[in-house]
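Visitor: Numbering (the working numbering), first residue to last: 240 to 522. Where is the CB? At the ideal position from N, CA and C, for every residue including glycine.
(1) Kindly give me the distance between the Cβ atoms of residue 394 and residue 516, rounded to whole angstroms, as I take these residues to be in contact under 8 Å.
(2) How about the stretch 366-373 and the stretch 420-433: do they share at least three Cβ pairs that are nearer than 8 Å?
(3) Residue 352 by DSSP, collapsed to three states: which one?
(4) Assuming the contact rule is C-beta atoms closer than 8 Å, residue 316 and residue 261 should be a hit. Round their C-beta distance to whole Å, please.
(5) Find the nearest neighbour of residue 271 within the set 499, 310, 290, 278, judged by alpha-carbon distance.
(6) Could you check whether residue 439 and residue 465 sit closer than 8 Å to each other, using their CB atoms as the reference points?
(7) Taking DSSP as the reference, what is the three-state secondary structure of residue 381?
(8) Taking only runs that begin and end inside the stretch 295-356, name each unbroken alpha helix (DSSP H) of 4 or more residues, in chain order.
(9) For residue 395, which three-state DSSP category applies?
(10) So for residue 274, helix, strand or coil by DSSP?
(11) With a Cβ-Cβ cutoff of 8 Å, do residue 386 and residue 255 count as a contact?
(12) Quick one: measure Cβ to Cβ for residue 507 and residue 403, integer angstroms, because I've assumed they're closer than 8 Å.
(13) Considering only residues of the same chain and omitting the five flanking positions on each side of residue 346, which have a CB-CB separation below 8 Å?
(14) Residue 481 by DSSP, collapsed to three states: which one?
(15) Say yes only if the C-beta of residue 336 is nearer than 7 Å to one or more non-hydrogen atoms of the ligand ZN, and no if none qualify.
(16) Round the Cβ separation of residue 481 and residue 359 to the nearest angstrom and send it over; I've been treating them as touching at under 8 Å.
(17) Which of the three DSSP states, helix, strand or coil, is assigned to residue 412?
(18) What is the rounded straight-line gap between the Cα of residue 441 and the Cα of residue 504?
(19) Assuming residue 411 and residue 445 make a contact with CB atoms under 8 Å, what is their CB distance in whole Å?
(20) Quick check for students: name the residue ranges of the beta strand (DSSP E) that lie wholly in the stretch 460-519, counting only runs of 3 or more.
Structure, rendered in structure tokens:
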């Protein structure tokens, strides 16, 4: 989880690939861009086969890795073709190969930062706020057919199961459980029946096999801190339901990581809202 690995490693892989092939035989500019994808994809495949990373991390890393491999390939092609001094060409190759090793040990103290980010999803429901409220304060066991199959499910995120509530009002404890032992303890801090339900979130003991360590909720890189449902009465008696979550993101490359964390949270929240909508409109 360092920029040296996430950024410089695929760049260096692309650079070396084209630098070597260009020196052996002149390549097209198109090859500079796409030839580095071969070793990059091979590395990702090897990572999956050896279980060094889970599918979630591989999916998150792949777009950036392929893009930077192509960028490295372009720089490698330029160095091999247009730098005529053998000494300078070899120096450029050495720099690209050594930089990740030199920068990795100290970059965390310089680049790492924690950010608080939020994600909101909204859905319109043809039911009264009172009906919708009954379906959010507690969530009885969710059947498989109630959940749409989306990309987060396909790459391995556990499905929600249910949410229980110890007692109504501020201080009540919601226990939200997901597949494969993923659980959250949610302490109610806002209780306005048919209007707002807010709660702080703490991850329970998550089995090591549930999520990859780099995307574990409550881990050093990512955590979900707070959630809130807000109900808005629509003309005609319907309800607009807002679901907002607040997260902590702590990496050396939040500028990229937040694209994925927010996409995942938005997809998960949307799936939950669809369950609430269906139940509110049919029960």
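Guide: For this structure:
(1) Locating residue 394 in the chain shown gives position 155, where the first residue counts as 1. Locating residue 516 in the chain shown gives position 277, where the first residue counts as 1. About 24 Å; that fails the 8 Å criterion.
(2) yes
(3) Looking up residue 352 in the chain shown gives position 113. Strand, per DSSP.
(4) On the chain shown, position 77 is the one that residue 316 refers to. On the chain shown, position 22 is the one that residue 261 refers to. Contact between residue 316 and residue 261 holds: their C-beta atoms lie close to 5 Å from each other, under 8 Å.
(5) The count along the chain shown starts at 1 and reaches residue 271 at position 32. For the residues 499, 310, 290, 278, the minimum Cα distance to residue 271 belongs to 310.
(6) For this step, residue 465 is matched to residue 226 along the chain shown. For this step, residue 439 is matched to residue 200 along the chain shown. Contact: yes.
(7) Taking the first residue of the chain shown as position 1, residue 381 is located at position 142. Three-state DSSP puts residue 381 in coil, outside helix and strand.
(8) Annotation note: the stretch 295-356 contains the following uninterrupted alpha helix (DSSP H) runs of length 4 or greater, listed N- to C-terminal: 325-350.
(9) Reading the chain shown from its first residue, position 156 is the one you call residue 395. Three-state result, residue 395: coil.
(10) In the chain shown, the residue the question calls residue 274 occupies position 35. Residue 274 sits in coil when the DSSP states are folded into three classes, being neither helix nor strand.
(11) Sequence index remark: in the chain shown, residue 386 carries index 147 (1-based). Sequence index remark: in the chain shown, residue 255 carries index 16 (1-based). It is not a contact, given that the beta carbons lie outside the stated cut-off.
(12) Working through the chain shown from its first residue, we reach residue 507 at position 268. Working through the chain shown from its first residue, we reach residue 403 at position 164. Not quite, the Cβ-Cβ distance comes to about 19 Å (not below 8 Å), so this is no contact.
(13) Numbered from 1 along the chain shown, position 107 holds the residue referred to as residue 346. Same-chain partners within the cutoff: 241, 242, 243, 491.
(14) In the chain shown, residue 481 corresponds to position 242, counting from 1. In the three-state reduction of the DSSP assignment, residue 481 falls in the strand class, which pools E and B.
(15) Because no ligand of any kind appears in the structure shown, any question about the ligand ZN cannot be addressed here.
(16) Counting from one through the chain shown, the residue named residue 481 turns up at place 242. Counting from one through the chain shown, the residue named residue 359 turns up at place 120. About 6 Å; that satisfies the 8 Å criterion.
(17) Translated into the one-based positions of the chain shown, residue 412 becomes position 173. In the structure shown, residue 412 sits in a strand (DSSP, three-state: E or B).
(18) Translated into positions along the chain shown, residue 441 becomes position 202. Translated into positions along the chain shown, residue 504 becomes position 265. Rounded to the nearest angstrom, the two C-alpha atoms are 16 Å apart.
(19) Taking the first residue of the chain shown as 1, we reach residue 411 at position 172. Taking the first residue of the chain shown as 1, we reach residue 445 at position 206. Not quite, the Cβ-Cβ distance comes to about 23 Å (not below 8 Å), so this is no contact.
(20) The qualifying runs are 461-472, 478-490.
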